[in-house]
Amino acid sequence: MGVWAFVLALVTAGALAHVAIRLRGIQVAYDMGHERRANTELEERRRSLTIEIGMLKDPGRVIGVAHDQLHMGPPAPADVIKLRPGVVLP
Amino acid sequence: MIAASRWTQVRIALCGATFVGLFLAVGKRAYTLQVGDADRLRAMAEEQYLREIELPPRRGRILDRNGADLASTADVDSIYCNPRQLPDPGEAARRLSLVLGMDRADLEKKLSQRRFFAWIKRRVTPEEAAAVRAMKLPGVAMTREPRRFYPNRTLAATVMGRAGADGGGLDGVELALDKALRGTPSSVQGIRDALGREIAVDGMVDAPSTAGSDVVLTLDRYLTFITERALAAGAAEHHAKGAISIMMDPRTGEVLAMASVPTFNPNESTAEAEARNRAITDTYEPGSTMKTFTIAAALDAGAVRPDSTFDCMMGRMMVGKYSIHDTHPHGTLTVAEVFKFSSNIGATKIARRLGRDAFAAALQRFGFGRPTGIGLPGERSGVVRPVEKWGDIGFANISFGQGIAVTPLQMIAGVSAIAGGGIYRQPRIVARVVGPDGTVETPAVAPDRRVMSAAAARSMLGIMRGVTDPGGTARAAAIEGYPVAGKTGTAQKVANGHYDASKWIASFVGAVPADDPRVAIIVVLDEPQGHLHQGGQVAAPIFKEIAEQAMRYLHVPPSTPVASNGNADHEEAAAAKAPSSPPDEAPATDLPLDDDGLGEDPALAEKWDEVAGAEGGRGGEAPDAVQVPDFTGMSLGQAIHAAHRSGVELAFDDPEGQATGIALRQRPAPGPAPRGVVCRVAFGRRAD
Numbered sequence: 307m308g309v310w311a312f313v314l315a316l317v318t319a320g321a322l323a324h325v326a327i328r329l330r331g332i333q334v335a336y337d338m339g340h341e342r343r344a345n346t347e348l349e350e351r352r353r354s355l356t357i358e359i360g361m362l363k364d365p366g367r368v369i370g371v372a373h374d375q376l377h378m379g380p381p382a383p384a385d386v387i388k389l390r391p392g393v394v395l396p
Numbered sequence: 004m005i006a007a008s009r010w011t012q013v014r015i016a017l018c019g020a021t022f023v024g025l026f027l028a029v030g031k032r033a034y035t036l037q038v039g040d041a042d043r044l045r046a047m048a049e050e051q052y053l054r055e056i057e058l059p060p061r062r063g064r065i066l067d068r069n070g071a072d073l074a075s076t077a078d079v080d081s082i083y084c085n086p087r088q089l090p091d092p093g094e095a096a097r098r099l100s101l102v103l104g105m106d107r108a109d110l111e112k113k114l115s116q117r118r119f120f121a122w123i124k125r126r127v128t129p130e131e132a133a134a135v136r137a138m139k140l141p142g143v144a145m146t147r148e149p150r151r152f153y154p155n156r157t158l159a160a161t162v163m164g165r166a167g168a169d170g171g172g173l174d175g176v177e178l179a180l181d182k183a184l185r186g187t188p189s190s191v192q193g194i195r196d197a198l199g200r201e202i203a204v205d206g207m208v209d210a211p212s213t214a215g216s217d218v219v220l221t222l223d224r225y226l227t228f229i230t231e232r233a234l235a236a237g238a239a240e241h242h243a244k245g246a247i248s249i250m251m252d253p254r255t256g257e258v259l260a261m262a263s264v265p266t267f268n269p270n271e272s273t274a275e276a277e278a279r280n281r282a283i284t285d286t287y288e289p290g291s292t293m294k295t296f297t298i299a300a301a302l303d304a305g306a307v308r309p310d311s312t313f314d315c316m317m318g319r320m321m322v323g324k325y326s327i328h329d330t331h332p333h334g335t336l337t338v339a340e341v342f343k344f345s346s347n348i349g350a351t352k353i354a355r356r357l358g359r360d361a362f363a364a365a366l367q368r369f370g371f372g373r374p375t376g377i378g379l380p381g382e383r384s385g386v387v388r389p390v391e392k393w394g395d396i397g398f399a400n401i402s403f404g405q406g407i408a409v410t411p412l413q414m415i416a417g418v419s420a421i422a423g424g425g426i427y428r429q430p431r432i433v434a435r436v437v438g439p440d441g442t443v444e445t446p447a448v449a450p451d452r453r454v455m456s457a458a459a460a461r462s463m464l465g466i467m468r469g470v471t472d473p474g475g476t477a478r479a480a481a482i483e484g485y486p487v488a489g490k491t492g493t494a495q496k497v498a499n500g501h502y503d504a505s506k507w508i509a510s511f512v513g514a515v516p517a518d519d520p521r522v523a524i525i526v527v528l529d530e531p532q533g534h535l536h537q538g539g540q541v542a543a544p545i546f547k548e549i550a551e552q553a554m555r556y557l558h559v560p561p562s563t564p565v566a567s568n569g570n571a572d573h574e575e576a577a578a579a580k581a582p583s584s585p586p587d588e589a590p591a592t593d594l595p596l597d598d599d600g601l602g603e604d605p606a607l608a609e610k611w612d613e614v615a616g617a618e619g620g621r622g623g624e625a626p627d628a629v630q631v632p633d634f635t636g637m638s639l640g641q642a643i644h645a646a647h648r649s650g651v652e653l654a655f656d657d658p659e660g661q662a663t664g665i666a667l668r669q670r671p672a673p674g675p676a677p678r679g680v681v682c683r684v685a686f687g688r689r690a691d
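Top to bottom, those sequences are chains A and B. Numbered by this note's numbering, the letters in the first sequence go through residues 307 to 396 in order. Numbered by this note's numbering, the letters in the second sequence go through residues 4 to 691 in order.
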């Protein structure tokens with residue numbers, strides 16, 4: 307009788323372990339789906355930010371800011387200095 | 004009693020056996036379901052709950068040669084609704100129309116339909132989406148859809164074209180490389196539970212594998228910008244109907260900038276009907292710019308030399324029953340002068356000496372009469388009639404650019420061949436296609452081919468420099484410090500079969516710097532209005548504007564001395580100001596100190612004055628000594644200036660290796676030092 311009870315307990319434990327593993331597998335699949343969605347959203351966010359960076363770096367805007375806000379302008383040809391031989395650059 | 008007890012035991016045993024039997028049966032069944040028939044049953048189940056999850060391909064990006072985004076795709080919100088769930092379509096239409104800027108009546112009609120699905124507005128702005136979400140209207144929901152963005156707005160719009168709402172390319176690069184950009188649609192088996200949550204299963208593919216390839220162009224975003232800006236300003240100033248400019252690297256055939264006016268903003272759904280890539284779709288009679296190829300071909304064939312002379316018959320020559328005129332009467336001119344003064348008669352005589360067939364062959368070698376093969380949709384081949392149909396007057400006309408039609412791209416490709424040492428390089432605008440897996444594909448390009456000897460190309464470039472000399476037709480194209488080789492063109496347009504004296508095509512094509520061309524640029528203005536309509540008057544200044552900025556951007560140092568307050572070389576002038584300058588250097592010239600880039604920082608300005616003042620007071624120092632300036636607080640440019648003035652060699656002691664920020668420390672300290680001393684200056688950000 308004791309042997310039978312032991313076998314029964316063993317089989318029951320095995321069945322429960324099997325179910326637990328299946329449940330865990332489903333949970334992992336849920337987690338993976340969630341992470342995948344998060345990854346997609348972050349990729350999308352990155353893409354949007356890249357576009358925003360592109361808009362901020364639009365030469366028209368940059369030159370507008372440089373000229374209008376920072377009062378910058380191109381150097382005159384005479385202000386361009388050719389370095390002589392011997393000048394050490396980093 | 005015993006019998007009863009035994010019967011009880013039998014019943015217990017039977018009961019136990021029954022339960023054991025049942026348990027075994029359940030166990031066997033469970034084994035069959037979970038293990039034995041697992042594969043078959045799993046397949047049966049998946050047929051029921053697995054769904055095809057569509058993975059729409061993400062359209063690839065278009066990048067400039069430096070990796071800057073010219074076109075990119077991102078998901079945005081689209082608003083839809085289930086009209087059956089809307090309790091009050093009229094009220095919903097009123098509220099939605101206010102935030103979405105839509106017609107209320109149209110929207111109400113859409114929302115009143117007895118349907119389960121209706122789009123309200125697709126690809127809305129984040130602000131519109133937020134406003135609609137805040138309304139919390141029943142039945143109104145959002146989904147994400149890809150939208151094409153062009154971050155630089157109108158920049159290179161006519162080259163890139165645009166993509167339609169379905170993601171397909173409609174024009175330009177978007178159309179030409181649509182297959183690569185579009186990617187491969189795919190679908191995977193996925194599971195969604197009752198709440199719509201995605202559950203990962205085996206076999207799901209990574210989304211990037213379905214994405215479109217990125218297309219890297221040879222265009223440079225900044226060069227395109229300066230080209231477009233100068234072109235738009237020039238076209239507006241002269242009220243031109245249209246304008247075109249192309250910048251090409253003659254060493255590689257890469258198109259660095261391609262601009263057309265009018266243009267459009269591809270982010271907006273409405274486009275100007277006239278907006279197109281005129282650089283490849285429009286043909287024009289080139290006028291005098293064609294003399295470049297007439298003379299180049301004659302030089303290459305050895306028919307003429309730059310100093311060969313021709314009688315230009317004081318501006319009038321008969322060809323059969325037709326007469327050819329020059330704008331200004333000239334007598335005998337050398338080949339170089341024929342080009343410089345743009346004599347039609349001289350060009351005709353040079354072409355005659357070369358010979359009709361040889362000239363026709365040269366035009367073909369330079370790529371006229373057929374598309375360049377740049378790979379953009381809509382490229383025209385131009386018109387070059389068969390040589391046997393030219394006739395005497397036709398031959399003469401073609402030698403100075405009439406009776407022939409070319410595209411601006413053909414013209415710049417031909418001039419690039421001359422600027423590139425006589426080698427024709429097929430114009431390229433697509434540098435490479437980078438697949439989602441990182442594979443790089445370079446579009447096939449026709450092999451480079453020699454169209455004239457290097458010596459003849461050099462001679463031709465020398466002749467082309469004359470147009471910006473005094474008396475030349477394009478003084479307005481001259482750039483201080485950079486010799487320009489070019490040619491103006493002014494041609495009347497044909498209307499109703501005759502040349503119309505009120506409609507002109509003005510152009511300038513050239514290369515700079517002429518001694519080692521880095522860029523070749525063409526500028527064409529279509530129907531400039533007003534009293535200025537000649538290439539040298541309207542197109543040459545635009546060329547100058549573009550080329551001058553391009554040289555600066557490309558860090559091309561001036562190859563001829565730059566005048567500064569006295570026609571002295573700046574560098575020599577700076578050296579002469581230093582007391583250590585040897586006596587045989589150029590005389591000193593005062594440098595303007597009111598534009599020293601010091602901004603409004605009085606401390607720095609004071610420091611600068613101090614340095615300048617110190618230099619001025621060093622006259623009594625020993626000739627083998629120099630005065631080391633105090634560099635601290637100066638920017639890199641200011642430090643270089645100061646070092647130049649004092650004759651001190653600079654070395655940058657910058658831990659970041661970039662010499663950014665301001666000078667923090669120096670060694671040796673300010674003061675007298677032996678000639679040849681190297682001053683190490685550390686740059687960086689101030690701690691405060």
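Virtual Cβ for every residue (Gly too), placed ideally from N, Cα, C. Fair warning: this is a prediction, and the values are worked out from it, not measured in the lab.
Neighbour flag for residue i against chain A, beta carbons, 8 Å
| i | result |
| --- | --- |
| Gln12/B | no |
| Gly30/B | yes |
| Arg688/B | no |
| Asn268/B | no |
| Asp67/B | no |
| Pro154/B | yes |
| Ala71/B | yes |
| Asp78/B | yes |
Proximity below 8 Å, CB of residue i to CB of residue j
| i | j | result |
| --- | --- | --- |
| Met251/B | Pro374/B | no |
| Glu148/B | Asp72/B | no |
| Ser419/B | Pro253/B | yes |
| Gly245/B | Asp529/B | yes |
| Gly290/B | Phe369/B | no |
| Val470/B | Gly492/B | no |
| Arg678/B | Ala628/B | yes |
| Ile348/B | Met321/B | no |
| Ala494/B | Gln540/B | no |
Rounded separation between residue i and residue j - CA only
| i | j | result |
| --- | --- | --- |
| Leu348/A | Arg342/A | 10 Å |
| Pro141/B | Glu350/A | 27 Å |
| Gly424/B | Pro486/B | 17 Å |
| Ile466/B | Val680/B | 46 Å |
| Gly206/B | Ala33/B | Note on Gly206/B: pLDDT 46, under 50, position unreliable in the model; no value is reported. |
| Gly538/B | Ala477/B | 8 Å |
| Ser638/B | Ile665/B | 5 Å |
| Arg224/B | Asn69/B | 8 Å |
| Ala550/B | Asp106/B | 49 Å |
Whole-Å CB distance - residue i paired with residue j, under 8 Å assumed
| i | j | result |
| --- | --- | --- |
| Phe362/B | Ala300/B | 6 Å |
| Gly167/B | Lys294/B | Actually they are not in contact, since the Cβ atoms of Gly167/B and Lys294/B sit about 44 Å apart, beyond 8 Å. |
| Met138/B | Ile82/B | No, Met138/B and Ile82/B are not in contact; Cβ-Cβ is about 10 Å, not under 8 Å. |
Counterpart residues of residue i in DSSP-defined beta bridges
| i | result |
| --- | --- |
| Pro669/B | The sequence given here has Gln at residue 669/B, not Pro. Answer is Val684/B. |
| Tyr83/B | Trp122/B, Ala144/B |
| Trp507/B | Gln495/B |
| Ala246/B | Val264/B, Leu528/B |
| Glu652/B | Val681/B |
| Lys490/B | Val512/B |
Cβ of residue i within 8 Å of any chain B Cβ
| i | result |
| --- | --- |
| Ile357/A | yes |
| Asp364/A | yes |
| Arg330/A | no |
| His324/A | yes |
| Val370/A | The question names Val, yet the displayed sequence has Gly at residue 370/A. Not one chain B Cβ lies under 8 Å of Gly370/A. |
| Ala315/A | no |
| Gly360/A | yes |
| Ala344/A | no |
| Ala319/A | no |
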